[in-house]
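Asks: So that we are looking at the same thing, I have put the structure below in C-alpha coordinates.
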Amino acid sequence: MRMQEASRLRSYVGTFVVSSSAGAMSSARIWHAGDANQQIERVEVLTGAPRSTFRRNDEVLTFLPEHRVVRAERRESLGLFPNLLKSSDTSIPEFYSARRLGMERVAGFDADVVQLSPRDALRFGYRVWSERKSGLVIKVQTMDVDGNVLEQAAFSELQLDTPVRADKLAQMMQPPAGWKVERAEAIKTNPAAEGWALKTSIAGFKPMSCYKRPSAARVPEGSMQWIFSDGLASVSLFVEPYDRQRHVQEGLFAAGATQTLTRRIEDWWLTAVGEVPSQTLKAFAQSLERRR
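Under full-length UniProt numbering, the sequence shown has 230 at position 230, and the numbering climbs by one with no breaks.
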(Lines of atoms letter the chains of each structure in order from A; the text may use other names.)
(Lines give C-alpha, C1' and ligand atoms only; values in the text may rest on other atoms or scores of the structure.)
Protein backbone atom coordinates (compact mmCIF):
# COMPACT_ATOMS: atom_id res chain seq x y z
CA MET A 1 0.00 0.00 0.00
CA ARG A 2 1.08 3.57 -0.64
CA MET A 3 1.21 4.53 3.05
CA GLN A 4 3.45 1.57 3.85
CA GLU A 5 5.85 2.30 0.98
CA ALA A 6 6.09 5.97 2.00
CA SER A 7 7.11 5.13 5.56
CA ARG A 8 9.75 2.69 4.29
CA LEU A 9 11.35 4.51 1.38
CA ARG A 10 11.16 8.20 2.25
CA SER A 11 13.82 9.98 4.27
CA TYR A 12 12.43 12.30 6.91
CA VAL A 13 13.16 14.03 10.19
CA GLY A 14 10.46 15.11 12.60
CA THR A 15 9.09 15.48 16.10
CA PHE A 16 5.99 13.52 17.00
CA VAL A 17 3.75 13.70 20.03
CA VAL A 18 1.64 10.88 21.49
CA SER A 19 -1.23 11.78 23.81
CA SER A 20 -3.94 9.68 25.44
CA SER A 21 -7.42 10.35 26.76
CA ALA A 22 -6.07 9.70 30.26
CA GLY A 23 -3.88 12.80 29.97
CA ALA A 24 -0.54 11.09 29.37
CA MET A 25 1.70 12.74 26.80
CA SER A 26 5.12 11.97 25.35
CA SER A 27 7.21 13.27 22.48
CA ALA A 28 10.15 12.02 20.45
CA ARG A 29 12.43 13.04 17.62
CA ILE A 30 12.79 10.65 14.68
CA TRP A 31 15.36 10.38 11.89
CA HIS A 32 14.49 7.88 9.15
CA ALA A 33 16.34 6.72 6.04
CA GLY A 34 15.33 3.84 3.83
CA ASP A 35 15.77 2.19 0.47
CA ALA A 36 14.92 -1.15 -1.09
CA ASN A 37 17.64 -2.92 0.93
CA GLN A 38 17.44 -1.54 4.45
CA GLN A 39 15.45 0.61 6.82
CA ILE A 40 17.28 2.51 9.51
CA GLU A 41 15.97 5.04 11.99
CA ARG A 42 16.82 6.77 15.22
CA VAL A 43 14.18 7.74 17.79
CA GLU A 44 15.18 9.96 20.70
CA VAL A 45 12.61 10.44 23.44
CA LEU A 46 12.14 14.03 24.58
CA THR A 47 10.15 13.31 27.74
CA GLY A 48 11.12 11.21 30.75
CA ALA A 49 14.46 9.48 31.16
CA PRO A 50 16.88 10.01 28.24
CA ARG A 51 16.73 7.17 25.74
CA SER A 52 17.64 6.71 22.08
CA THR A 53 16.53 3.73 20.03
CA PHE A 54 18.04 2.70 16.71
CA ARG A 55 16.39 0.23 14.37
CA ARG A 56 18.09 -1.27 11.31
CA ASN A 57 15.68 -3.72 9.72
CA ASP A 58 15.03 -6.15 12.63
CA GLU A 59 18.09 -5.09 14.67
CA VAL A 60 17.19 -2.82 17.60
CA LEU A 61 19.61 -0.99 19.90
CA THR A 62 18.41 1.08 22.87
CA PHE A 63 20.90 3.51 24.43
CA LEU A 64 20.33 4.37 28.11
CA PRO A 65 22.85 7.14 28.93
CA GLU A 66 21.96 7.36 32.63
CA HIS A 67 23.11 3.76 33.06
CA ARG A 68 25.72 3.72 30.27
CA VAL A 69 23.98 0.65 28.88
CA VAL A 70 23.03 -0.42 25.36
CA ARG A 71 20.32 -3.07 25.04
CA ALA A 72 20.56 -5.09 21.84
CA GLU A 73 17.82 -7.31 20.46
CA ARG A 74 16.19 -8.45 17.28
CA ARG A 75 12.51 -7.90 16.75
CA GLU A 76 10.17 -7.35 13.86
CA SER A 77 8.46 -4.02 13.39
CA LEU A 78 4.90 -4.01 14.70
CA GLY A 79 3.88 -0.96 12.76
CA LEU A 80 4.47 1.73 15.35
CA PHE A 81 3.62 5.25 14.18
CA PRO A 82 4.33 6.43 11.55
CA ASN A 83 4.75 2.88 10.16
CA LEU A 84 1.07 2.22 10.69
CA LEU A 85 0.55 -0.79 8.45
CA LYS A 86 1.90 -4.11 9.72
CA SER A 87 1.84 -5.85 6.36
CA SER A 88 1.13 -5.22 2.70
CA ASP A 89 -0.69 -8.55 2.54
CA THR A 90 -3.67 -7.83 4.75
CA SER A 91 -7.41 -8.24 4.68
CA ILE A 92 -8.01 -4.76 6.07
CA PRO A 93 -11.13 -4.12 3.89
CA GLU A 94 -12.71 -7.28 5.31
CA PHE A 95 -12.60 -5.90 8.85
CA TYR A 96 -12.58 -2.12 8.33
CA SER A 97 -14.62 0.17 6.12
CA ALA A 98 -12.85 3.24 4.73
CA ARG A 99 -14.39 6.66 4.17
CA ARG A 100 -12.63 9.79 2.94
CA LEU A 101 -13.24 12.81 5.16
CA GLY A 102 -11.47 15.45 3.08
CA MET A 103 -8.20 17.32 3.46
CA GLU A 104 -6.55 19.07 6.42
CA ARG A 105 -3.15 20.56 7.18
CA VAL A 106 -0.87 18.85 9.70
CA ALA A 107 2.63 20.09 10.57
CA GLY A 108 2.51 22.37 7.53
CA PHE A 109 1.58 19.63 5.04
CA ASP A 110 -1.66 18.99 3.16
CA ALA A 111 -3.02 15.65 4.30
CA ASP A 112 -5.81 13.38 3.09
CA VAL A 113 -8.03 12.25 5.97
CA VAL A 114 -9.54 8.75 6.00
CA GLN A 115 -11.85 7.19 8.57
CA LEU A 116 -11.32 3.45 9.14
CA SER A 117 -14.34 2.03 10.96
CA PRO A 118 -14.30 -1.52 12.35
CA ARG A 119 -16.87 -3.97 11.01
CA ASP A 120 -17.04 -5.81 14.36
CA ALA A 121 -16.43 -5.17 18.06
CA LEU A 122 -12.99 -6.82 18.15
CA ARG A 123 -11.05 -3.75 17.03
CA PHE A 124 -10.93 0.01 17.43
CA GLY A 125 -11.50 2.58 14.71
CA TYR A 126 -8.89 4.91 13.27
CA ARG A 127 -8.73 8.32 11.69
CA VAL A 128 -5.63 8.60 9.52
CA TRP A 129 -3.98 11.70 8.03
CA SER A 130 -1.51 10.91 5.21
CA GLU A 131 0.68 13.48 3.49
CA ARG A 132 -0.94 14.15 0.13
CA LYS A 133 2.11 13.82 -2.13
CA SER A 134 4.01 10.97 -0.47
CA GLY A 135 1.33 9.05 1.43
CA LEU A 136 3.37 9.18 4.66
CA VAL A 137 1.13 8.87 7.71
CA ILE A 138 1.58 12.06 9.73
CA LYS A 139 -1.28 11.79 12.23
CA VAL A 140 -3.38 8.94 13.64
CA GLN A 141 -6.26 8.88 16.10
CA THR A 142 -7.45 5.63 17.69
CA MET A 143 -11.14 5.73 18.59
CA ASP A 144 -13.50 3.59 20.62
CA VAL A 145 -16.92 2.37 19.49
CA ASP A 146 -18.52 5.69 20.48
CA GLY A 147 -16.04 7.73 18.46
CA ASN A 148 -14.11 8.97 21.48
CA VAL A 149 -10.39 9.50 20.83
CA LEU A 150 -8.40 7.09 23.02
CA GLU A 151 -4.98 8.03 21.71
CA GLN A 152 -3.41 10.34 19.15
CA ALA A 153 0.02 10.29 17.52
CA ALA A 154 0.98 13.19 15.28
CA PHE A 155 3.97 15.00 13.90
CA SER A 156 4.22 18.51 15.32
CA GLU A 157 7.11 19.26 12.96
CA LEU A 158 8.26 17.34 9.89
CA GLN A 159 10.88 17.65 7.14
CA LEU A 160 10.40 15.32 4.18
CA ASP A 161 13.13 14.10 1.84
CA THR A 162 15.88 15.44 4.05
CA PRO A 163 19.46 14.27 3.38
CA VAL A 164 19.40 11.66 6.17
CA ARG A 165 22.22 9.24 5.39
CA ALA A 166 21.81 5.63 6.39
CA ASP A 167 25.56 5.19 6.80
CA LYS A 168 25.73 8.10 9.26
CA LEU A 169 22.90 6.63 11.33
CA ALA A 170 24.63 3.25 11.24
CA GLN A 171 27.83 4.80 12.61
CA MET A 172 25.84 6.19 15.54
CA MET A 173 24.79 2.63 16.43
CA GLN A 174 28.30 1.85 17.68
CA PRO A 175 28.24 1.65 21.52
CA PRO A 176 30.46 4.30 23.17
CA ALA A 177 33.64 3.12 24.86
CA GLY A 178 33.01 1.98 28.42
CA TRP A 179 29.30 1.26 27.93
CA LYS A 180 27.88 -2.16 28.75
CA VAL A 181 26.04 -4.04 25.99
CA GLU A 182 23.17 -6.24 27.16
CA ARG A 183 21.89 -8.71 24.57
CA ALA A 184 18.33 -9.92 24.91
CA GLU A 185 18.17 -13.48 23.70
CA ALA A 186 15.02 -13.98 21.66
CA ILE A 187 14.82 -17.19 19.65
CA LYS A 188 12.31 -17.63 16.87
CA THR A 189 10.01 -20.56 17.49
CA ASN A 190 6.42 -21.61 16.92
CA PRO A 191 3.62 -22.06 19.47
CA ALA A 192 3.22 -25.79 18.80
CA ALA A 193 6.88 -26.38 19.65
CA GLU A 194 6.31 -24.56 22.94
CA GLY A 195 3.15 -26.53 23.68
CA TRP A 196 0.55 -23.82 23.00
CA ALA A 197 -2.34 -23.36 20.59
CA LEU A 198 -5.54 -21.41 20.09
CA LYS A 199 -8.70 -23.51 20.26
CA THR A 200 -10.36 -21.07 17.88
CA SER A 201 -8.80 -18.26 15.86
CA ILE A 202 -9.80 -14.66 16.56
CA ALA A 203 -11.42 -13.16 13.46
CA GLY A 204 -8.96 -11.17 11.38
CA PHE A 205 -5.93 -11.63 13.62
CA LYS A 206 -3.21 -13.59 11.87
CA PRO A 207 -0.14 -14.97 13.68
CA MET A 208 2.88 -12.87 12.71
CA SER A 209 5.75 -14.33 14.72
CA CYS A 210 6.64 -16.17 17.89
CA TYR A 211 9.69 -15.90 20.13
CA LYS A 212 10.96 -17.60 23.25
CA ARG A 213 13.37 -16.17 25.77
CA PRO A 214 15.61 -18.26 28.02
CA SER A 215 14.51 -18.62 31.60
CA ALA A 216 16.13 -17.42 34.76
CA ALA A 217 17.89 -20.12 36.76
CA ARG A 218 15.02 -20.42 39.21
CA VAL A 219 12.46 -21.68 36.69
CA PRO A 220 12.80 -24.62 34.29
CA GLU A 221 11.20 -22.96 31.27
CA GLY A 222 11.40 -19.51 29.72
CA SER A 223 8.78 -17.13 28.38
CA MET A 224 7.07 -17.07 25.00
CA GLN A 225 5.75 -14.10 23.01
CA TRP A 226 3.16 -14.85 20.31
CA ILE A 227 2.31 -11.87 18.08
CA PHE A 228 -0.87 -11.37 16.04
CA SER A 229 -2.06 -8.59 13.73
CA ASP A 230 -5.07 -7.72 11.60
CA GLY A 231 -2.96 -5.34 9.52
CA LEU A 232 -3.64 -2.34 11.76
CA ALA A 233 -3.98 -3.52 15.36
CA SER A 234 -1.59 -5.95 17.03
CA VAL A 235 -1.88 -8.29 20.02
CA SER A 236 0.98 -9.94 21.91
CA LEU A 237 0.51 -12.95 24.17
CA PHE A 238 3.30 -13.32 26.75
CA VAL A 239 3.29 -16.69 28.52
CA GLU A 240 5.67 -17.64 31.34
CA PRO A 241 5.72 -20.07 34.28
CA TYR A 242 3.48 -18.92 37.14
CA ASP A 243 5.33 -17.35 40.08
CA ARG A 244 3.10 -16.56 43.03
CA GLN A 245 5.61 -14.02 44.34
CA ARG A 246 5.41 -11.90 41.18
CA HIS A 247 2.06 -12.80 39.64
CA VAL A 248 -0.36 -11.53 42.23
CA GLN A 249 -3.11 -9.68 40.35
CA GLU A 250 -5.32 -10.92 37.56
CA GLY A 251 -7.29 -8.27 35.74
CA LEU A 252 -7.72 -5.78 32.90
CA PHE A 253 -5.84 -2.50 32.67
CA ALA A 254 -6.05 0.34 30.14
CA ALA A 255 -3.61 3.08 29.15
CA GLY A 256 -4.86 5.10 26.21
CA ALA A 257 -5.58 2.67 23.37
CA THR A 258 -3.42 -0.07 24.92
CA GLN A 259 -5.24 -2.72 26.92
CA THR A 260 -3.53 -5.30 29.13
CA LEU A 261 -5.01 -8.53 30.51
CA THR A 262 -3.32 -10.75 33.08
CA ARG A 263 -4.56 -14.24 33.92
CA ARG A 264 -3.33 -17.48 35.44
CA ILE A 265 -3.70 -20.55 33.21
CA GLU A 266 -2.92 -23.63 35.31
CA ASP A 267 0.83 -23.42 36.04
CA TRP A 268 1.32 -20.53 33.63
CA TRP A 269 0.86 -16.78 33.63
CA LEU A 270 -0.56 -14.96 30.62
CA THR A 271 -0.08 -11.27 29.90
CA ALA A 272 -2.01 -10.18 26.80
CA VAL A 273 -1.31 -6.70 25.43
CA GLY A 274 -2.80 -4.93 22.43
CA GLU A 275 -4.34 -1.79 20.95
CA VAL A 276 -7.73 -3.51 20.90
CA PRO A 277 -10.92 -3.58 23.00
CA SER A 278 -10.72 -5.60 26.20
CA GLN A 279 -13.13 -8.22 24.84
CA THR A 280 -10.57 -9.07 22.15
CA LEU A 281 -7.94 -9.86 24.78
CA LYS A 282 -10.54 -11.90 26.67
CA ALA A 283 -11.23 -13.89 23.50
CA PHE A 284 -7.53 -14.64 23.07
CA ALA A 285 -7.20 -15.65 26.73
CA GLN A 286 -10.21 -17.96 26.54
CA SER A 287 -8.93 -19.58 23.36
CA LEU A 288 -5.34 -20.13 24.49
CA GLU A 289 -4.71 -23.66 25.72
CA ARG A 290 -1.82 -25.84 26.80
CA ARG A 291 -1.28 -28.85 24.52
CA ARG A 292 1.34 -30.72 26.51
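C-beta atoms are modelled at their ideal positions from N, C-alpha and C, and glycine is treated no differently.
Using 8 Å for Cβ pairs, my map puts Gln-259 next to Ser-236. What's the rounded Cβ distance?
Replies: In fact, because the Cβ distance is near 11 Å, the residues do not count as touching under 8 Å.
Asks: Let's see if you can read the secondary structure: which residues bound the beta strand (DSSP E) around Pro-207?
Replies: Its beta strand (DSSP E) spans residues 206-213.
Asks: As a quick exercise: from Leu-232, Trp-196, Arg-213, Ser-223, pick the residue whose alpha carbon is nearest that of Phe-205.
Replies: Comparing Cα positions, the closest option is Leu-232.
Asks: Please classify Ser-278: does DSSP put it in a helix, a strand, or coil?
Replies: Of the three classes helix, strand and coil, the one that applies to Ser-278 here is helix, per DSSP.
Asks: Leaving out five residues on either side along the sequence, give the residues of the same chain with a beta carbon under 8 Å from the beta carbon of His-247.
Replies: The residues are Thr-262, Arg-264, Trp-269.
Asks: In whole angstroms, what separates the C-alpha of Glu-275 from that of Phe-238?
Replies: When rounded, the distance between both Cα atoms is 15 Å.
Asks: Three or more beta-carbon pairs under 8 Å between the segment 168-175 and the segment 139-153, yes or no?
Replies: Judged by Cβ distances under 8 Å, the segment 168-175 makes no contact with the segment 139-153, as fewer than three pairs qualify.
Asks: Looking at C-alpha atoms only, which residue of Arg-68, Asp-58, Thr-15 is the closest neighbour of Arg-51?
Replies: When each option's Cα is compared against that of Arg-51, the closest is Arg-68.
Asks: Tell me which residues share the same chain as Arg-119 and place their Cβ nearer than 7 Å to its Cβ, disregarding the 5 neighbours each side in the sequence.
Replies: Closer than 7 Å at the Cβ level, and outside the excluded window around Arg-119, lie Phe-95, Tyr-96, Ser-97.
Asks: Hey, would you say Gly-256 sits closer than 8 Å to Ser-21, going by beta carbons?
Replies: Against a cut-off of 8 Å, the Cβ pair of Ser-21 and Gly-256 comes out as a contact.
Asks: Do three or more CB pairs link the segment 186-195 to the segment 99-112 at distances below 8 Å?
Replies: Verdict: no, contact absent.
Asks: Reducing DSSP to helix, strand and coil, say where Ile-202 ends up.
Replies: Coil, per DSSP.
Asks: Would Leu-158 and Ile-138 qualify as a contact pair, given that the criterion is a beta-carbon distance under 8 Å?
Replies: Going by C-beta atoms, Leu-158 is nearer than 8 Å to Ile-138.
Asks: Looking at Leu-122: is its Cβ nearer than 8 Å to the Cβ of Tyr-12?
Replies: Contact flag unset, no.
Asks: So for Pro-176, helix, strand or coil by DSSP?
Replies: Looking at Pro-176 - three-state DSSP - the assignment turns out to be coil, as it is neither helix nor strand.
Asks: Can you name the residues that DSSP bridges to Glu-182?
Replies: Answer is Arg-71, bridged to Glu-182.
Asks: If you reduce the DSSP assignment to three classes, tell me which class Leu-169 lands in.
Replies: The answer is helix: DSSP assigns Leu-169 an H, G or I state.
Asks: Secondary structure at Tyr-22, three-state DSSP: helix, strand or coil?
Replies: Note that residue 22 is Ala in the sequence shown, not Tyr. In the structure shown, Ala-22 sits in coil (DSSP, three-state: anything other than H, G, I, E or B).
Asks: Decide if Val-128 is buried, meaning its Cβ has at least 16 other Cβ atoms within 10 Å, or exposed.
Replies: By the 10 Å Cβ count, Val-128 comes out buried.
Asks: Provide the residue span of the alpha helix (DSSP H) that contains Phe-95, from first to last.
Replies: Per DSSP, Phe-95 belongs to the alpha helix (DSSP H) from 92-95.
Asks: My guess is that Met-172 and Phe-54 are in contact by the Cβ rule of under 8 Å, so how many angstroms apart are they, rounded?
Replies: That belief holds up - the Cβ atoms of Met-172 and Phe-54 are roughly 7 Å apart, short of 8 Å.
Asks: Over what stretch of residues does the alpha helix (DSSP H) that includes Pro-191 continue unbroken?
Replies: It spans 191-194 - the alpha helix (DSSP H) in which Pro-191 sits, taken as one unbroken run.
Asks: Between Thr-62, Glu-182, Ile-30, Ala-197, which has its C-alpha nearest residue 303's C-alpha?
Replies: The shown model of the chain, from 1 to 292, leaves out residue 303, and the question about it has no answer.
Asks: Looking only at its chain, what residues have a beta carbon closer than 6 Å to the beta carbon of Ala-24, apart from the 5 residues adjacent to it on each side?
Replies: Result list for Ala-24: empty, nothing under 6 Å.
Asks: Output the boundary residues of the beta strand (DSSP E) element that contains Lys-133.
Replies: That residue, Lys-133, is in no beta strand (DSSP E); it is neither H nor E in DSSP.
Asks: So, with DSSP's three-state summary, where would you put Phe-238?
Replies: The answer is strand: DSSP assigns Phe-238 an E or B state.
Asks: Could you round the C-beta distance between Gly-195 and Arg-292 to whole angstroms and report it? I think they count as a contact, below 8 Å.
Replies: Their Cβ separation, rounded to whole angstroms, is 4 Å, which keeps Gly-195 and Arg-292 in contact under 8 Å.
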